[in-house]
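Below is one structure, written out as structure tokens, with a few remarks after it.
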Amino acid sequence: MTLKVTYTQSPWSLEDLFLGFDDPAYEAAFEEVRKGAQRFQTFRDQLAPQISEELFLSIITEYEHYTRILSRLFGFSQLAFAADTQDQAAQAQVARVTQFYAEIDNYTMFFSLWWKALDNENAERLLKASGDFHYWLVTMRNFKEFTLSEAEEKIINIKDVTGVNAINMLYESITNRYLFKVEIDGELKELTRGEVTALVREPDPDLRERAYQALFKVYEDDAPILGQIYQAVVRDWRNENLDLRKFKHPVSVRNLINDIPDPVVETLLEVTRQNTKHFQRFFRLKAKRLGVEKLRRYDIYAPVEKSDKKYAFDQAAEMVLESFHEFDPKFADLAKEIFDARHVDSEIRKGKMSGAFCATITPDLAPWVLLNYQGKAEDVATMAHELGHGIHALMARDHTAFTQHACLPLAETASTFGEIMLIDKLLAQESDQAVRRDLLFRQMDDAFATILRQNYFSMFEHTAHELVAQGAQVDDLAKAYLENLQDEFGDSVEIADEFRWEWVMIPHIYNVPFYVYAYAFGQLLVLSLYKQYQAEGNAFKPRYMDILAAGGSIAPIELLARAGIDITRAEFWQGGFDIIDEMVTTLENLT
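My numbering numbers the first residue of the sequence shown as 999 and each following residue consecutively.
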């Protein structure tokens, strides 16, 4: 089936939130939230163990109402900043809203503290009457033993505004202004990070090397500063979570937020260590295909076939929507909803945030998608990935603002599934064998980037947190990162010394510590789900849609168990790597 669309590259519109920072509705929203928080304070004296179910539900319903308005303020400032990280007005408003958010949280903190301290009998009574708020309330109580006094929690909230949040804003402002000088066809050009990163997939090995060297030269020049920023983030994380809250391990904080037990993540990382051989085997195969003795780290994403094939933006949108429609028409309709709302920013612009993301602000609004679209096959795949996130959010939009969002590992489910559907479609309709071969190799490139690379980032984070606690210098962290790469690639890839600075250009380890294992978790989970889909066809779809529609309203282990998946067993994770093994074997036979 062909879905004709006429979408063009453009900035997004934020009008569904506010018309601008000077919009009267923007200021009115601050006032509405402020008054809502003051009104919420009046409930403090009514919070008793024997509170009625009706009053309790009305309190949390009101809490959710003004949380939505606060999310609109926060989302508007963050999206404006992402569109232009050098815009001083956006920078100022992000700081203002972050400060306001902390102040409001302090106004209302008494509720969460009371709820965590409530006796189990009354908590169970209220949980039975809490409707869609149920799992949100359960996860709040999970943090009971790590919660401090109200005075201490308020100090941490305010401290974060001018502390770690400000530091991360500084990191974003510094790194998103970078331009990289690369010689292309004898001409020295200044490129954005998105543009220079695209060059690492070019067929010219010298250009790939120059691109990486240009990238790392800029980051290495600022490494003493960026490294200090990272050390400050790590110290803040450890000071609060290990010293004050008494978590046993730095990663345990993220695991509890995700409601994933520590042993599950430990098993995931250990199974990854045991399966590096499949990727190293792939790198040796790719070296043969490229006609070289050994891959250099510059060559990891090199195309195996020289293909200049580009996809116009409307063509890419059409292919993505068609692949969604072939799975289920509803998926295409939901993705079109995001396009039609003008919530996609796909242009390449100086100062615009690099990379790609999908931001869900409130359940009643279509998510916003940021792309840096350059017409390559991987850009089409990224479009499918981010729109998959959007579909996931829209499938779960009947939930509350507190239960719409899936935890980070499950948040990668629809995005990765959508990406695989697109690749299958591209393979099915592509008659050029060279392009087909390239797509199959790119699937393995992406599997490496999503599984092995991200899990080794996570392993580096574990090491880095321990080193910082021991007083390590920035150079010590760089040395540890290089050793991490050598363990990851073994003797299958030659690693140039400048890759020791790669870690300072990974924003997730700054902004969301220990986030990155979620990518590997999601990819391995989706490989399992997609295998079920291939085996079962239409019978699989209701089970998959139930996972997406649940959003963040059910514990992940319970939700996946309903689909017959036990993430506590090493055998489950090994099953994903067995599929990687099969993919490499297919490529060996093909070449």
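C-beta atoms are modelled at their ideal positions from N, C-alpha and C, and glycine is treated no differently. Owing to the predicted nature of the structure, the values given are computational and were not obtained by experimental measurement.
Inset, instruction - Following the continuous alpha helix (DSSP H) through Val1251, name the residue where it begins and the one where it ends. - result: 1248–1256
Inset, instruction - Can you have a look at Arg1070 and say buried or exposed, based on whether 16 or more other CB atoms are within 10 angstroms of its CB? - result: buried
Legend entry - DSSP bridge partner residues for Ile1182 (one or two, in chain order): Ile1182 pairs with Glu1185.
Legend entry - Simplified DSSP state of Leu1012, which is helix, strand or coil: The three-state reading of DSSP puts Leu1012 in coil, since its state is none of H, G, I, E or B.
Legend entry - Bounding residues of the alpha helix (DSSP H) (the contiguous stretch that carries Ala1149): Start and end: 1148–1160.
Inset, instruction - Sort out for me which residues DSSP pairs Glu1029 with in a bridge. - result: In DSSP, Glu1029 forms no bridge with anything.
Inset, instruction - Measure the Cβ-Cβ separation of Leu1406 and Asn1273 and say whether it is below 8 Å. - result: no
Legend entry - Short Cβ contact (8 Å threshold) for Phe1144 with Arg1243: yes
Legend entry - Nonlocal neighbours in the same chain, by C-beta distance under 8 Å from Ile1389, ignoring five residues either side: Phe1322, Phe1329, Leu1332, Ala1333, Ala1412, Gly1416, Leu1546
Inset, instruction - Could you say which of Asp1183, Ala1026, His1463, Glu1025 lies nearest to Gln1229 if we only look at CA atoms? - result: His1463
Inset, instruction - Name the two residues that bound the continuous alpha helix (DSSP H) containing Val1502. - result: Element bounds for Val1502: n/a, residue is neither H nor E.
Legend entry - Distance CB(Trp1571)-CB(Leu1522) smaller than 8 Å: Closer than 8 Å, so yes.
Legend entry - Assigned secondary structure, Ala1127 (DSSP; H/G/I helix, E/B strand, else coil): coil
Legend entry - Contact under 8 Å by Cβ, Val1472 with Pro1248: no
Legend entry - Residues that Asp1343 bridges to, as DSSP identifies them: Leu1368
Legend entry - Own chain, CB closer than 6 Å to Asn1253, minus 5 neighbours either side, in chain order: Asp1260, Val1263
Legend entry - Beta-carbon contacts of Ser1171 that lie in its chain and below 7 Å, excluding the five residues immediately before and after: Answer for Ser1171: Thr1083, Gln1089, listed in chain order.
Legend entry - Range covered by the beta strand (DSSP E) that runs through Phe1600: Residue 1600 cannot be examined here, being either before or after the span of the chain that is shown, 999 to 1589.
Inset, instruction - Decide yes or no for the touch test of the stretch 1511–1521 against the stretch 1446–1456: beta carbon pairs closer than 8 Å, at least 3 of them. - result: Contact check between the stretch 1511–1521 and the stretch 1446–1456: three or more CB pairs, one atom from each, fall below 8 Å, which counts as touching.
Legend entry - Local conformation of Val1491 per DSSP, three classes: strand
Legend entry - Short Cβ contact (8 Å threshold) for Leu1450 with Leu1437: no
Legend entry - From Lys1292, Ala1561, Glu1556, residue whose alpha carbon lies closest to that of Arg1611: Any property of residue 1611 remains undetermined from this structure, which presents the chain solely from 999 to 1589.
Legend entry - From Val1510, Leu1053, Lys1187, Tyr1064, residue whose alpha carbon lies closest to that of Ile1165: Val1510
Inset, instruction - Could you tell me whether the stretch 1337–1344 touches the stretch 1002–1015, where touching means 3 or more Cβ pairs closer than 8 Å? - result: yes
Inset, instruction - Could you round the C-beta distance between Pro1009 and Glu1384 to whole angstroms and report it? I think they count as a contact, below 8 Å. - result: Not really, about 16 Å apart at Cβ, beyond 8 Å.
Inset, instruction - Report yes or no: do the stretch 1549–1564 and the stretch 1128–1141 share at least 3 C-beta pairs separated by less than 8 Å? - result: yes
Inset, instruction - Find the nearest neighbour of Asn1174 within the set Arg1032, Gly1535, Tyr1217, judged by alpha-carbon distance. - result: The option with the nearest alpha carbon to Asn1174 is Tyr1217.
Inset, instruction - Would you identify the three-state DSSP class for Arg1295, choosing helix, strand or coil? - result: helix
Legend entry - Val1232 (DSSP reduced to helix, strand or coil): Reduced to three states, the DSSP call for Val1232 is helix.
Inset, instruction - Can you tell me which of the three DSSP states His1387 falls into? - result: helix
Legend entry - 6 Å Cβ shell around Phe1054 - same chain, five flanking residues per side excluded: Leu1124
Inset, instruction - Give every residue of the same chain whose Cβ lies closer than 7 Å to the Cβ of Leu1319, excluding the five residues on either side of it in the sequence, and list them in chain order. - result: Leu1001, Val1003, Ala1330, Ala1333, Lys1334
Legend entry - Pro1327, enclosing alpha helix (DSSP H) - first and last residue: 1327–1338
Legend entry - Rounded separation between Ala1394 and Gly1386 - CA only: Looking at the two C-alpha atoms, the distance is approximately 13 Å.
Inset, instruction - Please report the Cβ distance between His1276 and Asp1485, rounded to the nearest whole angstrom; I am assuming they are in contact, meaning their Cβ atoms lie under 8 Å. - result: Their Cβ separation, rounded to whole angstroms, is 15 Å, which puts His1276 and Asp1485 out of contact at 8 Å.
Inset, instruction - Could you name the residues of the same chain whose beta carbon sits closer than 8 Å to that of Lys1187, not counting the 5 residues immediately before and after it, in chain order? - result: Lys1179, Val1180, Glu1181
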